Amino acid sequence: MKIHYYVLLCVISIVVGVGIFCISHELIVIYIPKYSLSTYNKSTPTRTMKLYYWQEGIWHEQVIDSLAFSDIQEYITTLLSAWLVMMHEEQLFPYPIGLQSVLCSVHGDTVYLSFNGTFIQRNKSTYHNLMLVESLLRTLRENNIDAIRYCRFLVNHTPMIDTYFDFSQPWPIEGFIKRK
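So, in structure tokens, the structure goes:
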């Protein structure tokens, strides 16, 4: 009877040893998700985001829903990433532009936006390019981000350079176009 227990113990030891060896050498990968599909339900707080753009002489608005963020930088990142995708889908940008990082100043009144390329187009008019900047500023302003008063535009973490616009200074979130 004791021999059966020894054989069973040896078989279990070999199986456990081979299992540990395979896991440690990544022959078997075990993925444990942090959140299951049941964690997102109707009670998850959402926030409505309004995206604005200027096209053919009128303002257009697109409303989308997003998860609510407690961190203002995450919210601005989500908001502007959605805005950049929308602008590319509306063919206002010739190529996709991504948002590299968002950083708020120490006092929280200035937001630094770093893109992987410039959205100012050399083959378009100055008015068209100004309205692109105004669209971004209006998107930030109309989404009730109270602390932000100024915006700095960067490309690859250096100030955006343009012949007609001065991006070395922060732009006021109110923009330069008079509202009715």
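Numbering (my numbering), first residue to last: 219 to 398. All C-beta atoms in this analysis are idealised placements derived from N, C-alpha and C, irrespective of residue type, glycine included. Source: prediction; values computed, not measured.
Buried/exposed call for residue i, threshold 16 Cβ in 10 Å
i, result
"Phe239", "exposed"
"Ile338", "buried"
"Gly393", "buried"
"Tyr224", "exposed"
"Cys228", "exposed"
Residue i and residue j closer than 7 Å at C-beta
i, j, result
"Phe371", "Leu317", "no"
"Ile395", "Glu352", "yes"
"Leu297", "Met267", "yes"
"Ile391", "Leu355", "yes"
Distance, residue j Cα to residue i Cα
i, j, result
"Thr408", "Ile363", "The displayed coordinates of the chain run from 219 to 398. Any statement about residue 408 would go beyond what the structure contains."
"Ile399", "Asn334", "Any question about residue 399 goes unanswered here, given that the chain covers just 219 to 398."
"His278", "Leu269", "8 Å"
"Pro388", "Trp272", "22 Å"
"Leu358", "Phe383", "19 Å"
"Asn374", "Glu274", "30 Å"
"Phe287", "Ile250", "25 Å"
Residue i - partner residues in DSSP beta bridges
i, result
"Lys268", "Val281"
"Leu355", "For Leu355, which the question treats as bridged, DSSP gives no partner whatsoever."
"Phe371", "Leu331"
"Lys381", "The sequence as given places Thr at residue 381; Lys does not occur at that position. DSSP output for Thr381 lists no bridge partner at all."
(message) Quick check for students: name the residue ranges of the alpha helix (DSSP H) that lie wholly in the region 271-313, counting only runs of 4 or more.
(response) Listed in chain order, they are 290-307.
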